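I have placed the structure first, in the form of structure tokens, so that the comments after it can refer back to it.
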Amino acid sequence: MEWVIANMAPLMFGALILFLLFGYPVAFALAANGIAFGLLGIQLGLLQPAIFQALPERIFGIMANDTLLAIPFFTFMGLVLERSGMAEDLLDTIGQLFGPMRGGLAYAVIFVGALLAATTGVVAASVISMGLISLPIMMRYGYDKRLASGVIAASGTLAQIIPPSLVLIIMADQLGRSVGDMYEGAFVPGLVLTGLYFGYVAILSIIKPKSCPALPLEARSLRGGKLMLRVVTTLVPPLVLIFLVLGTIFLGIATPTEGGAMGAAGALILAVVRQRLSWKLLKQAMETTGKLSSFVVFILVGSTVFGLVFRAVNGDLWVEHLLTSLPGGKLGFLIVVNLLVFFLAFFLDFFELSFIIVPLLGPVADKLGIDLIWFGVLLGVNMQTSFMHPPFGFALFYLRSVAPASIKTTDIYWGAIPFVCIQIIMVALIIIFPNLVSYGDEAQREATRLEQEGGGALPVDLDTLMKGDGDAKPGEAPKSDDADNDLLKRFQQDNK
Amino acid sequence: MTLLLKLSQLIDALNERVGRAAFWLVLAMTIICAGNAVVRFAFNYSSNGLLEIQWYLFAAVFLLCAAYTLQKNEHVRIDVVAGRFSPKGQAVIDIIGTLFFLLPMVVLVLSLSLPLVKESFHIGEMSANAGGLIRWPVKALLPIGFTLLALQGVSELIKRIAFLAGRIGDPNAKDKGPSAEEELAAAIAASKAKEDK
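Quick mapping for you: the protein sequence lines, in order, are chains A and B. Count along the first sequence starting at 1, add 2, and that's the number in the working numbering. Count along the second sequence starting at 1, add 143, and that's the number in the working numbering.
Here it is as structure tokens:
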């Protein structure tokens with residue numbers, strides 16, 4: 003018994019792994035683990051019998067959480083866009099544009115993947131659209147099977163890291179940072195990553211030109227002015243949406259939640275204009291959004307139950323002790339954490355990772371003086387691999403479902419591996435060049451630092467905030483929606 | 144058993160109705176929030192009531208859809224191990240999971256949240272924000288959602304037991320219809336074929 007009491011936290015964590023592997027929905031397994039160990043703790047006299055009393059208030063807190071509100075909006079937006087055929091139009095046109103180049107179809111896939119990623123937050127079936135449209139063309143003109151499938155799967159996962167991504171919302175929520183900053187921080191790494199994908203294809207087109215030939219002339223139905231017109235007209239809708247969502251968030255005009263809602267409304271309007279909106283499409287999109295919101299929030303509810311008890315048995319201290327006693331200080335911590343996440347990503351998807359692992363790692367990173375936005379983006383890039391890991395990666399799974407039989411499953415697996423390696427390189431780049439992740443300005447970062455050290459009042463002054471609306475450049479705009487909220491609350495109190 | 148299966152069908156029908164109705168709130172939420180944002184930019188006006196209704200609706204969506212999501216077997220699982228079991232093995236997992244994972248959580252949350260909701264109702268608790276909304280309806284969503292979830296748990300339990308007894312087919316089997324992704328794939332293929340003609 004003594005031994006059990008002394009080792010509650012490791013036991014609880016070990017049991018959690020067993021509970022999760024049992025195969026019952028994660029949300030309830032997490033909660034059950036918390037409840038079981040809570041009861042055990044009460045039995046052993048380790049915990050107060052009233053420990054669970056805090057639970058309803060925590061769940062009410064989740065219900066009233068403005069940050070999470072952005073999740074259904076970005077999901078809904080992504081689904082409406084995807085079902086209204088934006089991806090198809092883009093692929094057709096951009097494929098024609100880049101086609102004549104060696105590796106052109108692969109560039110088109112990456113380019114379209116990044117564009118779609120910047121309009122939606124879900125690694126959705128953009129993989130499916132690309133698999134259906136680009137894969138057959140690539141096969142017909144002699145692309146290497148592995149390259150073709152790898153590039154499609156990887157480009158689809160860009161939605162994971164390029165804002166407005168869902169994982170960044172959850173990360174911001176779990177790390178207690180603003181979503182706007184998280185988006186801003188992830189923007190450059192997302193672009194760099196896209197650049198690395200381009201670079202990989204470029205290198206292949208030089209050293210293995212046969213793997214990605216240019217399209218022959220007869221394969222191009224559009225040329226010259228006509229093609230240019232098509233390019234412009236198909237690029238307008240996604241670019242408008244990107245401005246509507248990311249532009250307004252980065253300029254500090256809209257909060258991420260507002261940006262998401264406007265994006266979703268914009269996607270609906272676009273679908274109506276293009277006469278692609280049917281009741282069926284709308285219902286499907288709403289249903290998928292509803293179910294996704296439900297299971298995501300329920301994982302959070304489950305992990306709240308788990309966290310409540312885990313903290314009560316000093317699990318947080320155990321994790322902290324474990325991770326701060328690593329050799330190599332900060333760097334040692336980062337390497338171990340990234341290896342851990344990379345390994346876990348084989349089995350868990352990013353929802354589970356960000357709700358279970360991130361709350362444990364966040365406080366330790368904070369103690370080590372690591373900037374949490376930077377840390378969140380780093381983990382985001384790492385978790386992106388969870389979609390590409392053979393054999394459970396979702397992107398591979400989606401691609402398999404639409405790829406022709408001539409492409410073997412092993413081709414898809416092998417194709418993903420170079421991109422998983424690129425992902426690792428990107429993680430290393432972010433660690434070596436931390437400035438890749440930039441957000442807000444110096445003063446604001448300083449303020450966050452002071453605030454988290456429990457320093458004085460938040461140095462938010464009205465003038466800077468107001469100025470941020472109009473003329474500030476992106477990247478300099480001094481805004482954070484937390485500050486906005488604080489301000490709002492203050493006004494409200496004044497009015498009372 | 145027949146009676147129990149009837150009960151299970153009844154619960155399924157109820158939660159399907161509730162879930163499908165709640166999906167519309169996604170649209171309502173989108174319109175209200177986008178409207179709020181536009182009005183705020185254009186007229187610099189915002190109302191706490193309209194801001195709060197956003198998260199009221201979101202809470203309604205995820206709580207009321209939870210049971211339906213369970214019914215459709217779409218709560219995320221880690222099936223690295225369990226995926227290798229036979230349908231019967233998976234039914235056993237689900238029975239154990241429902242009894243020892245799902246139901247205890249639901250009972251705990253229900254028993255702790257009901258008194259709070261009652262209190263909120265009796266004192267007529269209002270939002271702390273000026274012009275905010277009354278609180279008990281949104282708080283009541285918590286026990287309502289969890290009650291529906293408990294019912295769905297019972298229904299799933301009945302279906303799994305009936306399956307093990309050989310009374311019905313595998314409840315975990317994929318829905319007969321194509322998935323949304325498959326439908327999308329078919330739609331794209333069809334429109335491609337039309338263009339090629």
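Built from N, CA and C at the ideal position, the CB exists for glycine as well. Computed from a predicted model, the values in this text were never measured in an experiment.
Original post:
By the criterion of Cβ-Cβ separation under 7 Å, what are the contact partners of I221 (chain B) in chain A?
Top reply: Residues of chain A whose Cβ lies closer than 7 Å to the Cβ of I221 (chain B) are, in chain order, L22, L23, G25, V28, F349 and L350.
**OP:** Using a threshold of 8 Å, state whether the C-beta atoms of M103 (chain A) and V360 (chain A) are closer than that.
**Re:** No; because the gap between Cβ atoms is not below 8 Å, this pair is not in contact.
Subject >> Option nearest P286 (chain B) by Cα separation, candidates B:Q214, B:L157 and B:A209 >> reply: B:A209 is the residue among B:Q214, B:L157 and B:A209 whose C-alpha sits nearest the C-alpha of P286 (chain B).
Original post:
Checking contacts by CB at 8 Å: is Q197 (chain B) closer than that to chain A?
Top reply: True, the Cβ-Cβ gap to chain A drops below 8 Å.
Subject >> Rounded separation between F62 (chain A) and K282 (chain B) - CA only >> reply: Straight-line Cα distance between these residues: approximately 7 Å.
Subject >> Every unbroken alpha helix (DSSP H) inside the region 313 to 342 of chain A [4 residues or more] >> reply: You should have 317 to 326.
**OP:** Note down, in chain order, each residue of its chain lying with its Cβ closer than 7 Å to the Cβ of A305 (chain B), except the 5 sequence neighbours on either side.
**Re:** For A305 (chain B), where only same-chain residues beyond five positions count, the Cβ hits under 7 Å are M144, L148 and I311.
**OP:** Could you name the residues of the same chain whose beta carbon sits closer than 7 Å to that of T291 (chain A), not counting the 5 residues immediately before and after it, in chain order?
**Re:** Answer for T291 (chain A): P74, T77, F78 and L81, listed in chain order.
**OP:** Using 10 angstroms around the beta-carbon of I19 (chain A), count the other beta-carbons present and answer buried if the total reaches 16, otherwise exposed.
**Re:** Flag for I19 (chain A) reads exposed.
Subject >> chain B contact for P361 (chain A) (CB, 8 Å cutoff) >> reply: The beta carbon of P361 (chain A) does not come within 8 Å of any beta carbon belonging to chain B, so the residue lies off that interface.
Original post:
Where does I432 (chain A) sit, in a helix, a strand or coil, going by DSSP?
Top reply: Looking at I432 (chain A) - three-state DSSP - the assignment turns out to be helix.
Subject >> Distance between I139 (chain A) and E220 (chain A) (C-alpha atoms, nearest Å) >> reply: Rounded to whole angstroms, the gap between the alpha carbons of E220 (chain A) and I139 (chain A) is 13 Å.
Original post:
Going by the CB atoms, is the gap between P258 (chain A) and P406 (chain A) shorter than 8 Å?
Top reply: At a Cβ-Cβ threshold of 8 Å, P406 (chain A) and P258 (chain A) do not count as neighbours.
Original post:
With respect to the alpha helix (DSSP H) encompassing D155 (chain B), which residues constitute its N-terminal and C-terminal limits?
Top reply: From DSSP, the alpha helix (DSSP H) with D155 (chain B) extends over T145 to F186.
Original post:
Is there at least one Cβ from chain B nearer than 8 Å to D68 (chain A)'s Cβ?
Top reply: At least one chain B Cβ lies under 8 Å of D68 (chain A).
Subject >> Contact list for the region 197 to 223 of chain A against chain B, Cβ threshold 9 Å >> reply: Within the region 197 to 223 of chain A, no residue qualifies.
**OP:** Could you tell me whether the region 261 to 270 of chain A touches the region 50 to 67 of chain A, using the rule of 3 or more Cβ pairs below 8 Å?
**Re:** These segments do not touch.
**OP:** Using 10 angstroms around the beta-carbon of L153 (chain B), count the other beta-carbons present and answer buried if the total reaches 16, otherwise exposed.
**Re:** It is exposed - the Cβ of L153 (chain B) has fewer than 16 other Cβ atoms within 10 Å.
Subject >> Sub-8 Å separation of A119 (chain A) and I164 (chain A) beta-carbons >> reply: Taking 8 Å as the Cβ cut-off, A119 (chain A) and I164 (chain A) qualify as a contacting pair.
Original post:
Is there a Cβ from chain B that is less than 8 Å from the Cβ of A479 (chain A)?
Top reply: Unreliable positioning characterises A479 (chain A) in this predicted model, as indicated by a pLDDT of 38, which lies under 50. A coordinate reading is not provided.
Subject >> Contact set between T212 (chain B) and chain A, taken where Cβ atoms lie within less than 7 Å >> reply: Chain order gives the chain A residues near T212 (chain B) as K293, S296 and F297, where near means a beta carbon separation below 7 Å.
**OP:** Could you tell me the distance, in whole angstroms, from the CA atom of V204 (chain B) to the CA atom of V250 (chain B)?
**Re:** The alpha-carbon atoms of V204 (chain B) and V250 (chain B) are separated by roughly 21 Å.
Original post:
Residues bridged to M269 (chain B) by DSSP?
Top reply: Answer is B:I277, bridged to M269 (chain B).
**OP:** Pull up the distance between the alpha-carbon of A185 (chain B) and that of A177 (chain B), whole angstroms please.
**Re:** Taking the CA atoms as reference points, A185 (chain B) sits about 12 Å from A177 (chain B).
Original post:
Do V422 (chain A) and I432 (chain A) have their C-beta atoms within less than 8 Å of each other?
Top reply: Going by C-beta atoms, V422 (chain A) is not nearer than 8 Å to I432 (chain A).
**OP:** For M141 (chain A), name the three-state secondary structure that DSSP assigns.
**Re:** M141 (chain A) falls in the helix class under three-state DSSP.
Subject >> Within 8 Å, strictly: CB atoms of V114 (chain A) and L401 (chain A) >> reply: One thing to note: V114 (chain A) has its Cβ no nearer than 8 Å to the Cβ of L401 (chain A).
Original post:
Within the 8 Å Cβ cut-off, does A256 (chain B) reach chain A?
Top reply: Contrary to the premise, residue 256 (chain B) reads as Ser rather than Ala in this sequence. By the rule that beta-carbons nearer than 8 Å mark a contact, S256 (chain B) touches chain A.
Subject >> Nonlocal neighbours in the same chain, by C-beta distance under 8 Å from E322 (chain A), ignoring five residues either side >> reply: Contacts found: P365, V366 and K369.
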